[in-house]
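Asker: First to last, the protein sequences are chains A and B. All residue numbers for the first sequence refer to the numbering used here, where the first residue is 1 and numbers rise by one. All residue numbers for the second sequence refer to the numbering used here, where the first residue is 1001 and numbers rise by one. Note that beta-carbon positions come from the ideal geometry of N, C-alpha and C, so glycine has one too. This is the structure I want to talk about, given as structure tokens.
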Amino acid sequence: MKKTPIVLALLLLFSMLLSACGGTDNKGDSSNSSGDTINLTWYYPVNVGGEVTKVIDGYAEAFNKEGIEVNGKKVTVEPVYSGNYDESMTKVQTAVKNGKAPDMAVLLSVDLFQIKDSIIALDDMINNDSEAQEMMEDFFPGFMLNSQAEGKTWSIPFQRSTVLLYYNKDMFEEAGLDPEKAPTNWDEVIEYGKQLTKDGKWGIELPATISGYWIYQALALQNGDGNLMSDDGKDVYFNTEEAKGALQYWIDLSKKHKIMPDGVLDWNTVPTDFIEGKTAMMLSTTGNLTNVKNNANFEFGVAFLPGKERLATPTGGGNFYIFKDIPEERQLAAMEFIKWIAQPERAAEWSIDTGYIATRQSSYETPELKEYTESFPQALTAMEQLEHAHKEISVYEQGKIIKILQDAIQAAINGDDVSEALDKAQEQAEELLKPYQ
Amino acid sequence: MNRVINLSTHVLAILWALPLFGIIYMAFKDTKVEGFSVTIHNFIEAWNSAPFAQYYLNTFIIVIGILAVQLVTITLAAYVFARMNFVGQGIVFLLYLVQIMIPIELLIFPNSSTIAQLGIYDTKLAIMIPYFISAFGIFLLRQTFKGIPYELEEAAKMEGCNRIQTIWHVYVPLAKPTYIAFGLISVSGQWSNFLWPLIITDSDSNRPLTVGLAMFAKASDSGAQWGVVAAATLFVILPLLLAFFLFQRQFISSFMHSGIK
């Protein structure tokens, strides 16, 4: 009678796995704050390519050497990559629910209403700290719009952007246009676009996936003096005349004026099309500056978004949040780290490495950024456009409502009636927002 | 007629392989040079951006760990459903089948809270545990076990085998093609698992390859840098690709036997 060694071996392996994996890596929050160090956990998303993780690790290393103390305990930080913005949000919410909240996280500035219950308002901390006050006053006011709600400040700008108009100067010249003059209003876009569209090359491309709603918001802001939502995040205005006109303009670019390819254009391929010279102009985020700069083998310019009733762009990007379910000491430590990373020089460096706009006004006085913007003036345009910046759409039920809006935009691009699509979106969004009113 | 079939298989095979060739081409192409060019710069950049060596090791441990435990659990459960009679057998089996239809993403919240209660947040074990039992594997193996003549089990009993020995000496050898087919599905599925490991772990020492890949593939603020993305993708798929080329024959014949396509 034979034994069954392999079954036994497998069972042994199973029990080994259970004990080995369970035992060794047990480093919960308790051990993090014990002793004389505070080791902060920082969830951060990567939205501009993998090399950024190296930059972040470099910051953490530099900060840990700094020896900043809170209550006599040394503060260190451990950055944790948490996917893109959506995945970061899921990770944060899961962690909070399981009592494993990180100390701080970078999440979309517009996700405020979704996590307001899990984070702290920062006003008390700022009021007791002159350095923090100075920092808050130095941020571009445009970037603070999405941080504030109900008279309180909930987050601190970190990786911020706006929409920009990119144009191919070589193609402008070929078409007999002045390469130093980008279109400044909607009519000029159409006029220029008609001259630029030829030989299978397009005048302009507007992406409609991923952050397409954001591009659309820019058009809607330009087309009137309102926004797509109320400041308290409880109302949306998707079916106003301005909003409908903006979407009609988008669709007319391809259907009526034939200067943009038909159909829904993908967020990630529009910059590729631009770099490959398939389109002469595109609307995209400032985050693309570095990518276009590194990969385009032609002269390109960036400009303010062409206006209609006014010049306007929404802001975008991610802010720091500090969490509620952690000891006060750790919250103070988190603030110390945020103050450190938001120093003008570091904000300048971050801007140069990523293409995001430096969040602090004094960053543009630093030698590094001055030198950089001299050799690459395009980076200044994004910053200058901030005076026309408006609040990015941020509401309760953010994820669902953005999806409703995005679906309406794509449906209209694919041939649905503009007015009906937006009326329907408005109706659905109102239904979702009812419980909050 | 045979010729047409033959030709169309070749055409289909080429069509199917096109994305793969595309990835290889992009990974080796220098984006700044027009026309044809070869560079390994993309690979260096990708390799240096994340601890890929560590991620490789973790992925191997996770994938093999899950498969090892799954093989034990599905064998025992499949035998129970195939050969033993008990009250409520039908209902219990039905509940197992229903699990196949629930996407694991829906279970992230409940699973993570179990993991938190067990105190194993941020461990490799936390990544593996939810997959230790595979309803699909049980279903597959039960069908195979049912097809094995009962007389063989009786003969084993006559020889004095107990139950475990019967399973080991009679059922397991006869279901080998099914095991290989299931193993392939399990490994390739776990290899590409991303969201759950991302959410349940924090440290690089526990995270798999897919997390490294995501750093490149999800750069929606900067437009995709296809060269680096393709290079990182090749890192991730290479071991699976090699394994498949090496064991192609066994894989295909076991799929034929087990009847999965």
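Return the first residue and the last residue of the beta strand (DSSP E) that residue 163 of chain A is part of.
Answerer: Counting from 1 along the first sequence, the entry for residue 163 of chain A is found at position 163. Note, residue 163 of chain A: beta strand (DSSP E), 156-168.
Asker: Whole angstroms is fine: what's the gap from residue 216 of chain A's alpha carbon to residue 253 of chain A's?
Answerer: The sequence position of residue 216 of chain A within the first sequence is 216, counting from 1. The sequence position of residue 253 of chain A within the first sequence is 253, counting from 1. Each residue's Cα considered, the two are about 13 Å apart.
Asker: In angstroms with no decimal places, state the Cα-to-Cα distance between residue 310 of chain A and residue 1121 of chain B.
Answerer: Position 310 of the first sequence, counted from the first residue, corresponds to residue 310 of chain A. Position 121 of the second sequence, counted from the first residue, corresponds to residue 1121 of chain B. Approximately 51 Å between the Cα atoms of the pair.
Asker: Using a beta-carbon distance cut-off of less than 9 Å, what residues from the stretch 1034-1051 of chain B approach chain A?
Answerer: Flagged, chain order: 1034, 1045, 1046, 1048, 1049, 1050.
Asker: Under 8 Å: do the stretch 1131-1141 of chain B and the stretch 1181-1189 of chain B share three or more Cβ pairs, one atom per stretch?
Answerer: Yes, they touch.
Asker: Select from the stretch 1102-1115 of chain B all residues with a C-beta closer than 9 Å to any C-beta belonging to chain A, and list them in chain order.
Answerer: So the list reads 1108, 1109, 1112, 1113, 1115, given in the order they occur along the chain.
Asker: So for residue 376 of chain A, helix, strand or coil by DSSP?
Answerer: As a working mapping, residue 376 of chain A is identified with position 376 in the first sequence. Coil at residue 376 of chain A, not helix or strand.
Asker: Which two residues bound the contiguous alpha helix (DSSP H) that contains residue 1082 of chain B?
Answerer: In the second sequence, residue 1082 of chain B corresponds to position 82, counting from 1. Start and end: 1052-1083.
Asker: Whether or not the stretch 258-277 of chain A and the stretch 407-415 of chain A are in contact is what I'm after, with contact meaning three or more pairs of Cβ atoms, one per stretch, closer than 8 Å; do they touch?
Answerer: Yes, the stretch 407-415 of chain A is in contact with the stretch 258-277 of chain A.
Asker: Starting from residue 202 of chain A, follow its DSSP beta bridges and name the residues at the other end.
Answerer: Stepping through the first sequence from its first residue, residue 202 of chain A is reached at position 202. In the DSSP output, where bridge partners are listed per residue, residue 202 of chain A has A:279.
Asker: Give a yes or no on whether the C-beta atoms belonging to residue 1181 of chain B and residue 1170 of chain B are separated by under 7 Å.
Answerer: Looking up residue 1181 of chain B in the second sequence gives position 181. Looking up residue 1170 of chain B in the second sequence gives position 170. No, the pair does not count as a contact, with Cβ atoms beyond the cut-off.
Asker: Does residue 80 of chain A come within less than 7 Å of chain D when only Cβ atoms are used?
Answerer: No chain D appears in the structure shown, which is made up of the protein chains A and B.
Asker: Based on Cα-Cα distance, which residue from B:1247, B:1229, B:1195 lies nearest to residue 1109 of chain B?
Answerer: Working through the second sequence from its first residue, we reach residue 1109 of chain B at position 109. Comparing Cα-Cα distances from residue 1109 of chain B to each of B:1247, B:1229, B:1195, the minimum goes to B:1195.
Asker: Return the CA-CA distance between residue 406 of chain A and residue 66 of chain A, expressed in angstroms with no decimal places.
Answerer: For this step, residue 406 of chain A is matched to residue 406 along the first sequence. For this step, residue 66 of chain A is matched to residue 66 along the first sequence. Using only the alpha carbons, I get a separation of about 45 Å.
Asker: Rounded to whole angstroms, what is the Cα-Cα separation between residue 118 of chain A and residue 144 of chain A?
Answerer: Your numbering for residue 118 of chain A matches position 118 in the first sequence. Your numbering for residue 144 of chain A matches position 144 in the first sequence. One C-alpha to the other measures close to 20 Å.
Asker: Go ahead and label residue 382 of chain A buried or exposed: buried means 16 or more other beta carbons lie within 10 angstroms of its beta carbon, across all protein chains shown.
Answerer: Looking up residue 382 of chain A in the first sequence gives position 382. Buried, since its Cβ has 16 or more Cβ neighbours within 10 Å.
Asker: Just mark residue 1247 of chain B as buried or exposed, buried being the case when its beta carbon has 16 or more other beta carbons within 10 Å.
Answerer: Counting from one through the second sequence, the residue named residue 1247 of chain B turns up at place 247. By the 10 Å Cβ count, residue 1247 of chain B comes out exposed.
Asker: Interface residues of chain A around residue 1211 of chain B at Cβ under 9 Å?
Answerer: Reading the second sequence from its first residue, position 211 is the one you call residue 1211 of chain B. Within 9 Å Cβ-Cβ: 81, 83.
Asker: Can residue 81 of chain A and residue 302 of chain A be called in contact, C-beta distance under 7 Å?
Answerer: Here residue 81 of chain A is taken as the residue at index 81 of the first sequence, counted from 1. Here residue 302 of chain A is taken as the residue at index 302 of the first sequence, counted from 1. Not closer than 7 Å, so no.
Asker: Between the Cα of residue 357 of chain A and those of A:164, A:123, A:434, A:233, spot the shortest distance and give me the residue it belongs to.
Answerer: In the first sequence, counting from the first residue as 1, residue 357 of chain A sits at position 357. Per the Cα distances, A:164.
Asker: Which term fits residue 1149 of chain B, buried or exposed, when burial requires 16 or more other beta carbons within 10 angstroms of its beta carbon?
Answerer: Looking up residue 1149 of chain B in the second sequence gives position 149. It is exposed - the Cβ of residue 1149 of chain B has fewer than 16 other Cβ atoms within 10 Å.
Asker: Can you tell me whether residue 43 of chain A is helix, strand or coil according to DSSP?
Answerer: Within the first sequence, the letter at position 43 stands for residue 43 of chain A. In this structure, residue 43 of chain A counts as strand in the three-state DSSP scheme.
Asker: Among the residues of its own chain, which have a CB less than 6 Å from the CB of residue 1216 of chain B, if the five just before and after it don't count?
Answerer: Position 216 of the second sequence holds residue 1216 of chain B. Excluding positions up to five away in sequence, the list reads 1228, 1229, 1232.
Asker: Would you kindly work out how many angstroms separate the C-alpha atoms of residue 108 of chain A and residue 331 of chain A, rounded to a whole number?
Answerer: Along the first sequence, read from residue 1 onward, the residue named residue 108 of chain A stands at position 108. Along the first sequence, read from residue 1 onward, the residue named residue 331 of chain A stands at position 331. If you take the alpha carbons of residue 108 of chain A and residue 331 of chain A, they lie about 20 Å apart.
Asker: What separation, rounded to the nearest whole angstrom, lies between the Cα atoms of residue 1145 of chain B and residue 1011 of chain B?
Answerer: Position 145 of the second sequence, counting from 1, holds the residue named residue 1145 of chain B. Position 11 of the second sequence, counting from 1, holds the residue named residue 1011 of chain B. Straight-line Cα distance between these residues: approximately 38 Å.
Asker: Just reading off the alpha helix (DSSP H) that residue 215 of chain A is part of, what are its end residues?
Answerer: Numbered from 1 along the first sequence, position 215 holds the residue referred to as residue 215 of chain A. From DSSP, the alpha helix (DSSP H) with residue 215 of chain A extends over 212-222.
Asker: Taking Cβ to Cβ, would you say residue 98 of chain A is nearer than 7 Å to residue 1112 of chain B?
Answerer: Residue numbering aside, residue 98 of chain A sits at position 98 when the first sequence is read from its first letter. Residue numbering aside, residue 1112 of chain B sits at position 112 when the second sequence is read from its first letter. Cβ atoms of residue 98 of chain A and residue 1112 of chain B: closer than 7 Å.
Asker: Residue 41 of chain A versus chain B: which residues are under 9 Å apart at the beta carbon?
Answerer: Here residue 41 of chain A refers to the residue found at position 41 when the first sequence is read from its first residue. Simply 1202.
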